[in-house]
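A.B. asks: Here's a structure for you.
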Amino acid sequence: MLHRIAQDGQPDIGKTDPNHIRQCLDYLHNRNYTYISLEHLILSLRHRKTIPPKSVVFTMDDGYLDQAEIASPIFLEYDCPLTFFVITGMLDQDILPWDAQVSWVIETSKNSSLENCKIVRSLNLQHDGKVSRRQLRRSIQTAIKKLDAKTIPEVLQQLARDAGVTLPDSPPENYRPMTWNMARQLEHQGIQFAPHSVSHNILSRLSQKEMEKEINHAWQTIAKELSNPLKVFCYPNGQMMDFGGREMEFLKDNGFLGAVSTTPEFVQPEKNAESQIYNLPRLALPNNMTDFIQQCSWIERARGIKQ
Numbered sequence: 094m095l096h097r098i099a100q101d102g103q104p105d106i107g108k109t110d111p112n113h114i115r116q117c118l119d120y121l122h123n124r125n126y127t128y129i130s131l132e133h134l135i136l137s138l139r140h141r142k143t144i145p146p147k148s149v150v151f152t153m154d155d156g157y158l159d160q161a162e163i164a165s166p167i168f169l170e171y172d173c174p175l176t177f178f179v180i181t182g183m184l185d186q187d188i189l190p191w192d193a194q195v196s197w198v199i200e201t202s203k204n205s206s207l208e209n210c211k212i213v214r215s216l217n218l219q220h221d222g223k224v225s226r227r228q229l230r231r232s233i234q235t236a237i238k239k240l241d242a243k244t245i246p247e248v249l250q251q252l253a254r255d256a257g258v259t260l261p262d263s264p265p266e267n268y269r270p271m272t273w274n275m276a277r278q279l280e281h282q283g284i285q286f287a288p289h290s291v292s293h294n295i296l297s298r299l300s301q302k303e304m305e306k307e308i309n310h311a312w313q314t315i316a317k318e319l320s321n322p323l324k325v326f327c328y329p330n331g332q333m334m335d336f337g338g339r340e341m342e343f344l345k346d347n348g349f350l351g352a353v354s355t356t357p358e359f360v361q362p363e364k365n366a367e368s369q370i371y372n373l374p375r376l377a378l379p380n381n382m383t384d385f386i387q388q389c390s391w392i393e394r395a396r397g398i399k400q
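Each residue of the sequence shown is one higher than the one before, starting from 94 at the first, in our numbering.
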């Protein structure tokens, strides 16, 4: 699982260096790992078909321009299947998701601290530079995702005022999404696309009607814009508190093949397919080769079995 990509060779905390992606794909290729698509994996689980040994699946969430322009060509170069989960409201150029707004506020604020931010403890932004800001961003995002979705716009406005900035009316330069035309071009080259909701709101905090709209409208939009989208859903944020049985049953009843979470575990083909197919775990791509090799060697899987 990947998210934002570092640009212009500049290291950025929380973003993946494109050179690191190349190193990882080189490592897998040279050691006879098998790249398979997410669709291949899900259909194999559904029909109890054997999955090739040493299989690896890659996904990328959100749909930002850096992902399309920098990361996608690397996966295409290595002939490695990639599934993009896109926030449809962002590609429609209508919204900047709430969590991206938090990131933008923290990155651009020139204040030395946030003294009036009621949802987190005050934190000095000058201490430890980017590390401190990243900690603050995460703590604010964690706090906001527990709120009722209707209150989030007001909280974001309060946060921006405290930070001394004005929320942008459209995605800023560093948060520009890919366009639907770009998505169509990438789809034509072999990259698959699937829905990641309309707005990236946390589904468990929404009413039944709002939850259904986030899923259905995202799928309807992507089905209208693209030729052969994958009917697999990606839960916003994707941790266990962010979705549950209600969401999984709705996806099942509405013909979705499956869904992915951000639970950091290995897919286990030996498990009952129904028990994991609407809650497929994903490992975040580590930002260093030591951790990546440890994942690929199944040391982490062995530890999980031992526990």
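Every residue, glycine too, gets a C-beta built ideally from N, C-alpha and C.
Note that the structure is a prediction, hence the values are computed from the model and not measured.
V149 and L184 look like a contact to me (Cβ under 8 Å); what is the Cβ gap, rounded to whole Å?
C.D. replies: Working through the sequence shown from its first residue, we reach residue 149 at position 56. Working through the sequence shown from its first residue, we reach residue 184 at position 91. Wrong, their Cβ atoms sit about 27 Å apart, outside the cutoff.
A.B. asks: In this structure, does DSSP put V150 in helix, strand or coil?
C.D. replies: Numbered from 1 along the sequence shown, position 57 holds the residue referred to as residue 150. Looking at V150 - three-state DSSP - the assignment turns out to be coil, as it is neither helix nor strand.
A.B. asks: What's the C-alpha gap between C131 and A311?
C.D. replies: Taking the sequence shown and counting its residues from 1, the one referred to as residue 131 is at position 38. Taking the sequence shown and counting its residues from 1, the one referred to as residue 311 is at position 218. Checking the displayed sequence, the identity of residue 131 turns out to be Leu instead of Cys. If I take the Cα positions, the gap works out to 19 Å.
A.B. asks: Within the same chain, show all residues whose beta-carbon is closer than 7 Å to that of Y371, passing over the 5 residues directly before and after it, in chain order.
C.D. replies: Numbered from its first residue, the sequence shown carries residue 371 at position 278. Cβ within range, chain order: M341, L344, K345, G351, A352.
A.B. asks: Helix or strand or just coil, what does DSSP make of C144?
C.D. replies: Looking up residue 144 in the sequence shown gives position 51. Contrary to the premise, residue 144 reads as Ile rather than Cys in this sequence. The answer is coil: DSSP assigns I144 none of H, G, I, E or B.
A.B. asks: Is there contact between the segment 132 to 148 and the segment 110 to 120, where contact requires at least three CB pairs shorter than 8 Å?
C.D. replies: By the Cβ test, the segment 132 to 148 is not in contact with the segment 110 to 120, since fewer than three Cβ pairs between them sit closer than 8 Å.
A.B. asks: For the candidate residues T244, N123, I295, N267, whose alpha-carbon lies nearest to that of G331?
C.D. replies: Sequence index remark: in the sequence shown, residue 331 carries index 238 (1-based). In terms of Cα proximity to G331, the closest of T244, N123, I295, N267 is I295.
A.B. asks: Check the C-beta distance from R97 over to Y157 and give it rounded, since I have them as a contact under 8 Å.
C.D. replies: In the sequence shown, the residue the question calls residue 97 occupies position 4. In the sequence shown, the residue the question calls residue 157 occupies position 64. Correct: roughly 6 Å between the Cβ atoms.
A.B. asks: Using DSSP bridges, identify the partner residues of T176.
C.D. replies: Taking the first residue of the sequence shown as position 1, residue 176 is located at position 83. DSSP, once it has assigned bridges, lists T152, Q285 as partnering T176.
A.B. asks: Any contact of the segment 254 to 265 with the segment 196 to 207, i.e. 3+ C-beta pairs under 8 Å?
C.D. replies: yes
A.B. asks: Out of T127, Y171, S390, P111, state which residue places its alpha-carbon closest to the alpha-carbon of I284.
C.D. replies: Sequence index remark: in the sequence shown, residue 284 carries index 191 (1-based). Checking every option, the nearest Cα to that of I284 belongs to Y171.
A.B. asks: Closest by CA to L252, which one among K302, T201, Q278, E266?
C.D. replies: Reading the sequence shown from its first residue, position 159 is the one you call residue 252. Here the closest residue by C-alpha is T201.
A.B. asks: So, helix, strand or coil for V198, using DSSP?
C.D. replies: Start at 1 with the first residue of the sequence shown, and residue 198 comes out as number 105. The answer is helix: DSSP assigns V198 an H, G or I state.
A.B. asks: I'd like to know whether the C-beta atoms of Y128 and P174 end up nearer to each other than 8 Å.
C.D. replies: By 1-based counting over the sequence shown, the position of residue 128 is 35. By 1-based counting over the sequence shown, the position of residue 174 is 81. Against a cut-off of 8 Å, the Cβ pair of P174 and Y128 comes out as a contact.
A.B. asks: Among residues of its own chain, excluding the 5 on either side of A242, which ones have a beta-carbon nearer than 8 Å to its beta-carbon?
C.D. replies: Numbered from 1 along the sequence shown, position 149 holds the residue referred to as residue 242. Excluding positions up to five away in sequence, the list reads N294, I295, R298, L299, E303.
A.B. asks: Helix, strand or coil: which one does DSSP assign to I386?
C.D. replies: Taking the first residue of the sequence shown as position 1, residue 386 is located at position 293. Correct three-state label for I386: helix.
A.B. asks: Looking only at its chain, what residues have a beta carbon closer than 7 Å to the beta carbon of D192, apart from the 5 residues adjacent to it on each side?
C.D. replies: If you number the sequence shown from 1, residue 192 lands on position 99. These residues qualify, in order along the chain: Q234, H293.
A.B. asks: In chain order, which continuous runs of the beta strand (DSSP E) of length 3 or greater are located wholly inside the segment 333 to 363?
C.D. replies: Fully enclosed beta strand (DSSP E) runs of 3 or longer: 351 to 353.
A.B. asks: Could you give the uninterrupted runs of the alpha helix (DSSP H) lying entirely in the segment 230 to 282, keeping only those of 4 residues or more?
C.D. replies: 245 to 256, 273 to 281
A.B. asks: Should I180 and D159 be called a contact, given that it needs their Cβ atoms to be closer than 8 Å?
C.D. replies: Working through the sequence shown from its first residue, we reach residue 180 at position 87. Working through the sequence shown from its first residue, we reach residue 159 at position 66. Not in contact: I180 and D159 (Cβ atoms no closer than 8 Å).
A.B. asks: Would P379 pass as a contact of L138 if the rule is Cβ separation under 8 Å?
C.D. replies: Along the sequence shown, read from residue 1 onward, the residue named residue 379 stands at position 286. Along the sequence shown, read from residue 1 onward, the residue named residue 138 stands at position 45. Taking 8 Å as the Cβ cut-off, P379 and L138 do not qualify as a contacting pair.
A.B. asks: Output needed for F349: all residues of its chain with C-beta closer than 6 Å, excluding positions within five of it in sequence on either side, in chain order.
C.D. replies: Counted from its first residue, the sequence shown places residue 349 at position 256. Excluding residues within five positions, the ones whose Cβ falls inside 6 Å are K324, F326.
A.B. asks: Thinking C-beta only, is T176 closer than 8 Å to A287?
C.D. replies: On the sequence shown, residue 287 is found 194 positions in, with the first residue counted as 1. On the sequence shown, residue 176 is found 83 positions in, with the first residue counted as 1. Yes. Within cutoff.
A.B. asks: In the structure shown, what three-state DSSP assignment does L373 receive?
C.D. replies: Along the sequence shown, read from residue 1 onward, the residue named residue 373 stands at position 280. It is a strand residue.
A.B. asks: Whole angstroms is fine: what's the gap from M275's alpha carbon to S354's?
C.D. replies: The residue labelled residue 275 in the question sits at position 182 within the sequence shown. The residue labelled residue 354 in the question sits at position 261 within the sequence shown. Approximately 26 Å, taken between the alpha carbons.
A.B. asks: Can you grab the Cα-Cα spacing for the pair G338 / I315, in whole Å?
C.D. replies: Within the sequence shown, residue 338 is the residue found at index 245, counting from 1. Within the sequence shown, residue 315 is the residue found at index 222, counting from 1. When rounded, the distance between both Cα atoms is 24 Å.
A.B. asks: Give me the Cβ distance between F359 and H289, rounded to the nearest whole Å; I'm assuming they're in contact under 8 Å.
C.D. replies: Here residue 359 corresponds to residue number 266 of the sequence shown, with the count starting at 1. Here residue 289 corresponds to residue number 196 of the sequence shown, with the count starting at 1. Contact doesn't hold; Cβ gap of about 22 Å is too wide.
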